[in-house]
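In my numbering, the protein residues as written are 318 to 796.
The beta-carbon is built from N, C-alpha and C at its ideal position, and this holds for glycine as well.
Here is the structure we will look at, set down as structure tokens.
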């Protein structure tokens, strides 16, 4: 049972209101909280207040804080045992159910990754992919191999795949543009071959704690700093980016495709493409050309709005590289832990994340930690601007449609088997936002039940004005 702590006088007022409503026979009974269907885990259970004798003494309407407390408590009273909900405004808890319970957050983990990237790299940071050689071309002829240095760009793409990404709201980096620039500078022949360099990060192509079946299924592309097309196999004729399988040799594939791009522009290349040895030293090599990505802010918007896992994982390695000099998932995770603490002015996370995307079942976040992350920059910050809008954009474009939450909630979604989460900002009827986080964990938890629970949460939040300004007490739910 959850305990609601409100002033006794408010409870008296609420009971008195029920007395009056029972006296008036022509008025409908008080509405019960909406229920959510679920055979194994009922997310809501209606609780009828007892019938009491009528009173002739008129009483005021229940105050706003009592209404908010009643609705949120009714919502969470029979939530999954492993769940948390926190609603905050201006750093103060308005409602909290198990706020410090560590739970699997799924893609809500990306909020921590995005904040760390903004803090370590800045919103204007760009990735750079560079073509180098031992010496420049003479008379259009390059007398050696051409090396393509991977800069970690998660959205480096072929022309056709770039068009697919753009249709999803991304700003990809077409590698064809670099080939065109080299030819425009006079390149006509390479005496060697095109060699991809993949040494910017470590050689881990996936996160070790991911289940093998998820890796094989393509929940992320192959992690590689020179990979094209998000590290996926991209056969001719694909019409979207969903359902693709990981590319087993991403660096070699990039070398082959860049070779093709140059040859399509009449550059002669007699040698086969390849991959540089990891120990090769490129000191003193000369730059032939380069291509820069769109600003990091654009990448973060795509990563958050569309919940792109590959972008999140490569970004975490880039954060690690800039923070410690080593591009690994662990270094990025440790940087995230420290950056959040520095920016919040106090520890936020207890343990470093297991990955950047939230795919790992070893990730743990509490609802309080999630709202702490969101409140560092607040509802008017950059991170908030990347969040999808309920019923309108990103992973929320088809969710909470025809709901009072449509257009009034910006939030990051998360889902894994038995895991559903949502965190962001909801604008109340007074026009002021509240910060919220909800994480539901439970074996066999159905998506339809979780969605119904989350929709009711959002509809409660957008229906209520600023709870704090009414002077009400914080409401806590316990199990």
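Using the beta-carbon count (16 or more within 10 Å), is residue 412 buried or exposed?
By the neighbour-count rule (16 or more Cβ atoms within 10 Å), residue 412 is buried.
**OP:** Would you please state the rounded distance, in angstroms, between the beta carbons of residue 626 and residue 399? I believe it to be under 8 angstroms.
**Re:** At roughly 23 angstroms, the Cβ-Cβ gap does not stay under 8 angstroms, so residue 626 and residue 399 are not in contact.
message = Quick check: residue 538 and residue 548, are their CB atoms within less than 7 angstroms of each other?
response = Cβ atoms of residue 538 and residue 548: closer than 7 angstroms.
Next item on the list: Compute the distance between the beta-carbons of residue 693 and residue 429, then report whether it is under 7 angstroms.
Entry: Their beta carbons are not under 7 angstroms apart, which means residue 693 does not touch residue 429 by this criterion.
**Item:** Distance between residue 724 and residue 718 (C-alpha atoms, nearest Å)
**Value:** Their backbone Cα atoms lie some 9 angstroms apart in a straight line.
Element boundaries [beta strand (DSSP E), containing residue 744] = Start and end: 736 to 744.
- Message: Let me check you understand the geometry: is the CB of residue 755 closer than 6 angstroms to at least one non-hydrogen atom of the ligand ZN?
- Response: As for the ligand ZN, it is missing from this structure, which has no ligand bound.
Taking residue 476 as part of the alpha helix (DSSP H), name the residues at either end of that continuous run.
Looking at the DSSP string, the run of the alpha helix (DSSP H) that includes residue 476 is 476 to 484.
Q. Who are the near neighbours of residue 285 in its chain, counting only those whose CB is closer than 6 angstroms to its CB and skipping five residues on each side?
A. Limits of the chain in this structure are 318 at one end and 796 at the other, which puts residue 285 out of reach.
Q) If you check the beta carbons only, do residue 593 and residue 511 fall under 7 angstroms apart? A) Contact flag unset, no.
query = Within 10 angstroms of its Cβ, does residue 630 collect 16 or more other Cβ (buried), or is it exposed?
reply = The C-beta of residue 630 has 16 or more other C-beta atoms within 10 Å across all chains shown, which makes the residue buried.
(request) Work out the CA separation of residue 750 and residue 696 for me, nearest whole Å. (result) Cα-Cα distance, rounded: 7 angstroms.
Query raised in the report: Does the separation of the CB atoms of residue 466 and residue 514 fall below 7 angstroms?
Result: In contact: residue 466 and residue 514 (Cβ atoms closer than 7 angstroms).
Point to revise | For residue 616, the first and last residue of its enclosing alpha helix (DSSP H) | key: Its alpha helix (DSSP H) spans residues 613 to 622.
field: Beta bridge counterpart(s) of residue 729 as assigned by DSSP
entry: According to DSSP, residue pairing for residue 729 in a beta bridge involves 740.
Residue(s) in a DSSP beta bridge with residue 690:
None, per the DSSP bridge assignment.
Practice problem: Could you tell me the distance, in whole angstroms, from the CA atom of residue 764 to the CA atom of residue 601? | Solution: In this model, residue 764 and residue 601 are separated by some 56 angstroms (Cα to Cα).
**CA nearest to the CA of residue 454, picked from 604, 772 and 769** = Taking residue 454 as reference, the option from 604, 772 and 769 with the minimal CA-CA separation is 604.
Residues of its chain near residue 456, where Cβ-Cβ distance is below 7 angstroms and the 5 sequence neighbours each way are ignored: If we look at residue 456 and ignore the five residues flanking it on each side, it has no Cβ neighbours.
| residue 452 in three-state terms, based on DSSP | Coil, per DSSP.
Quick check on DSSP: helix, strand or coil for residue 491? Reduced to three states, the DSSP call for residue 491 is strand.
| Can you tell me whether residue 474 is buried or exposed, with buried defined as 16 or more other CB within 10 angstroms of its CB? | Per the 10 Å Cβ criterion, buried.
Does the segment 495 to 508 come within contact of the segment 576 to 595, defined as at least 3 CB pairs closer than 8 angstroms?
Result yes; three or more Cβ-Cβ pairs closer than 8 angstroms.
Q. Near residue 704, what residues of its chain come up, given a Cβ to Cβ distance below 7 angstroms and the 5 sequence neighbours on each side ignored?
A. Closer than 7 angstroms at Cβ, skipping near neighbours: 621, 727, 728, 729 and 741.
Run the CB neighbour count on residue 422, radius 10 Å, all protein chains shown included, and call it buried at 16 or more, exposed below. By the neighbour-count rule (16 or more Cβ atoms within 10 Å), residue 422 is buried.
For this session: Could you tell me the distance, in whole angstroms, from the CA atom of residue 615 to the CA atom of residue 447?
Result: Rounded to whole angstroms, residue 615 to residue 447 spans 21 angstroms at the Cα level.
Can you tell which of 606, 700, 533 and 662 has the C-alpha that lies nearest to the C-alpha of residue 613? Selected option, being the one with the closest Cα: 700.
In this structure, does DSSP put residue 505 in helix, strand or coil? In this structure, DSSP gives residue 505 a state outside helix and strand, which the three-state scheme calls coil.
Start and end of the alpha helix (DSSP H) containing residue 653?
If you look at residue 653, you'll find it in the alpha helix (DSSP H) that goes 646 to 661.
Review point. What are the start and end residues of the beta strand (DSSP E) that includes residue 512?
Key: Looking at the DSSP string, the run of the beta strand (DSSP E) that includes residue 512 is 511 to 514.
Nonlocal neighbours in the same chain, by C-beta distance under 7 angstroms from residue 519, ignoring five residues either side: Excluding five sequence positions before and after residue 519, the CB atoms of its chain that fall closer than 7 angstroms to its own CB belong to 644 and 645, given in chain order.
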